[in-house]
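The sequence shown begins at 693 in the numbering used here and counts up by one.
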Amino acid sequence: MLKSVDNKTAIIVCNTCRHSKDAREDDQGRRGGSKLVEALRKTKGDDKAYDAVDLQEMPCLFACSDFCTVHLRSPGKV
């Protein structure tokens, strides 16, 4: 479920997105969406410029034919 972002921009990532067009998971059983969340969390943690960006994850953003899917939100916007 989406959380309020108050005065922040938010990136919502589908954490269950496929790894590729042909595979749901990689060789280690990880989905592409979960790998994207991990990479974005690392980037956010490594650079204070991203402190104003909230990172959220959801199990599905209903765009299964396009992977990996993100949704951008900001105050006053849906």
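Beta carbons are placed, not taken as given, at the ideal position from N, Cα and C, and that holds for glycine.
Unbroken beta strand (DSSP E) run spanning residue i, endpoints
i, result
"ASP718", "Taken as a continuous stretch (DSSP letters only), ASP718 belongs to no beta strand (DSSP E), as it is neither H nor E."
"THR701", "701-706"
Three-state secondary structure assigned by DSSP to residue i
i, result
"ASP758", "coil"
"ALA744", "coil"
"ARG765", "strand"
For residue j and residue i, the rounded distance between their alpha carbons
i, j, result
"ASP718", "HIS711", "6 Å"
"LEU728", "GLY768", "26 Å"
"LYS713", "GLY724", "10 Å"
"LYS734", "ASN699", "22 Å"
"SER726", "VAL745", "18 Å"
Top-ranked residue by Cα proximity to residue i, from the options
i, options, result
"SER778", "ALA715, LYS700 and THR701", "The chain is shown only over 693 to 770; residue 778 falls outside these bounds and no answer can be derived."
"ALA731", "PHE754, ALA744 and ILE703", "ILE703"
Start-to-end residues for the alpha helix (DSSP H) that takes in residue i
i, result
"LYS736", "724-738"
| request: Please determine if the stretch 747-762 and the stretch 698-708 are in contact, where contact requires at least 3 C-beta pairs separated by less than 8 Å. | output: yes
| said: Using 8 Å as the cut-off, can you tell me whether the stretch 757-764 makes contact with the stretch 734-744, which would need three or more C-beta pairs spanning the two stretches below that distance? | reply: no
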